[in-house]
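Everything in the sequence shown is counted per the numbering used here, starting at 56 for the first residue and increasing by one.
Think of the CB as a built atom: it goes at the ideal place given N, C-alpha and C, for glycine as much as any other residue.
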Amino acid sequence: MLNRIVLTGRLTKDTELRRTLNDTAVASFTLAVNDGFKDTEGNPTTTFIDVTVFDKQADNVAKYCRKGSLVGVDGRIHQRRFERKDGTKGSVIEVIASQVTFLEPKEKDESAASQGYVTDIQPPVEESKNLDAIDVTDDDLPF
């Protein structure tokens, strides 16, 4: 049997990070994934999928991903069953991620720019040289 899922999508909100009693990091987020279909009005349809990731990956996702971040998720589908306080039973289907890949570059540090610090130093542009004065003889050309 094979239980594997690969998704690419954007986070719908910032990651929720918590810790278990054994101090294991657990991060949860919802991924908006384009279905590749359009509704009757021609708008693309989207599925919202709950994702959970553990340990160091959870810390990294919480630290580097924000609402709107594009990520790739490799994991497995898991059904969690539970009983509510009123005695009714329920279940949730979610993705347990074994790997989360950040698919966009890290955002530039805007706080440094807002404080007047220069974050992108560009080398001075060299003036174009006059190429009209080059002497080229027929012997210099390869053809």
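Report the partner residues of residue i according to the DSSP bridge assignment.
| i | result |
| --- | --- |
| T85 | D105 |
| G64 | V126 |
| L72 | A82 |
| T156 | G127 |
| E138 | K144 |
| K93 | P99 |
Following the continuous beta strand (DSSP E) through residue i, name the residue where it begins and the one where it ends.
| i | result |
| --- | --- |
| D114 | No beta strand (DSSP E) contains D114, which is instead part of the alpha helix (DSSP H) from 110-119. |
Would you say the beta carbon of residue i is closer than 6 Å to some non-hydrogen atom of the ligand ZN?
| i | result |
| --- | --- |
| K161 | The ligand ZN is not among the ligands present in this structure, which contains no ligands whatsoever. |
By how many angstroms is the C-alpha of residue j removed from the C-alpha of residue i?
| i | j | result |
| --- | --- | --- |
| T95 | D110 | 42 Å |
| P160 | R59 | 26 Å |
| K68 | A113 | 15 Å |
| F84 | N115 | 13 Å |
| T70 | V106 | 10 Å |
| T63 | A82 | 17 Å |
| A117 | S146 | 25 Å |
| G127 | L158 | 7 Å |
| D78 | V155 | 20 Å |
| V108 | M56 | 22 Å |
TODO: Evaluate the contact criterion for the stretch 87-102 versus the stretch 136-143: three or more CB pairs, one atom per stretch, below 8 Å.
DONE: No, they do not touch.
Task: the stretch 81-92 in contact with the stretch 129-139 per 3-pair CB rule at 8 Å - done: Contact between the stretch 81-92 and the stretch 129-139 is absent, because fewer than three Cβ pairs lie under 8 Å.
- [ ] Evaluate the contact criterion for the stretch 117-133 versus the stretch 144-158: three or more CB pairs, one atom per stretch, below 8 Å.
- [x] The stretch 117-133 vs the stretch 144-158: in contact.
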